[in-house]
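Participant: Protein chains in written order, with our numbering: chain A, 72 to 283; chain B, 450 to 459. My questions will all concern the structure given below.
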């Protein structure tokens with residue numbers, strides 16, 4: 072475990088905690104895309120099936136269980152507990168436009184044609200685009216609450232830090248995974264526009280608003 | 450196995 076990988080994991084953990092706290096403290100999930108959260112739950116469920124087949128470390132197991140549990144908890148908060156505050160009219164991205172192409176791609180481009188490996192590949196591809204309904208929602212409403220911006224920043228930084236971790240591991244351990252790298256780069260690139268707005272607006276104390 | 454030792458990642 073190198074410092075980039077650990078920072079990436081911490082950033083990911085922080086993103087989830089920020090989101091859960093925002094919803095819990097404000098008793099509202101306004102501005103949050105339930106569809107992105109459904110896609111993330113699908114990502115963790117399909118990726119961490121190896122919990123049943125291989126043990127890596129207590130850290131690894133604990134993080135996997137937390138990611139799965141927190142993703143379903145978030146869905147529960149959005150669609151059940153605080154559903155009156157869910158902004159469904161602005162959450163109109165079609166999930167099947169992401170899930171179906173990604174499923175086909177996972178069957179075609181993978182390391183090994185076995186059920187677990189195809190599901191892992193599916194989850195890597197799906198994760199790279201799972202934030203699109205959320206970004207679409209922000210662009211549709213033209214703004215995001217500051218706390219939502221912090222959530223998106225931490226979530227975007229997580230994969231960016233993983234990329235640095237992969238460069239490090241390639242140089243010092245000789246390991247690399249093209250599927251993870253390409254998907255990770257796609258994922259990070261999708262956040263670039265948001266990163267720019269975050270640095271130029273949110274960090275200067277302004278709310279994130281998009282030009283009309 | 451194509452995933453060169455990165456199975457420990459999240």
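All C-beta atoms in this analysis are idealised placements derived from N, C-alpha and C, irrespective of residue type, glycine included.
1) By alpha-carbon positions, which one of A:115, A:166, A:271 ends up nearest to residue 132 (chain A)?
2) Could you spell out where the alpha helix (DSSP H) holding residue 126 (chain A) opens and where it closes?
3) So, helix, strand or coil for residue 163 (chain A), using DSSP?
4) What did DSSP end up calling residue 278 (chain A) once you bin it into helix, strand or coil?
5) Buried or exposed, going by whether 16 or more other CB atoms sit within 10 Å of the CB of residue 100 (chain A)?
6) Check whether chain B comes within 8 Å of residue 111 (chain A), counting only Cβ atoms and requiring the distance to be less than that.
7) Checking 8 Å against the spacing of the C-beta atoms, do residue 247 (chain A) and residue 241 (chain A) come in under that value?
8) Can you tell me the Cα-Cα spacing of residue 229 (chain A) and residue 259 (chain A), whole angstroms?
9) Can you grab the Cα-Cα spacing for the pair residue 166 (chain A) / residue 254 (chain A), in whole Å?
10) Could you compute how far the alpha carbon of residue 88 (chain A) sits from the alpha carbon of residue 82 (chain A)?
11) Could I get the ranges of all uninterrupted beta strand (DSSP E) runs contained in the segment 226-257 of chain A, with 3 residues as the minimum, in chain order?
Facilitator: The relevant details are as follows:
1) A:115
2) No alpha helix (DSSP H) holds residue 126 (chain A); DSSP gives it neither H nor E.
3) coil
4) coil
5) Classification of residue 100 (chain A): buried, given that the 10 Å Cβ count is 16 or more.
6) no
7) yes
8) 9 Å
9) 18 Å
10) 10 Å
11) List check, beta strand (DSSP E) in window: nothing returned.
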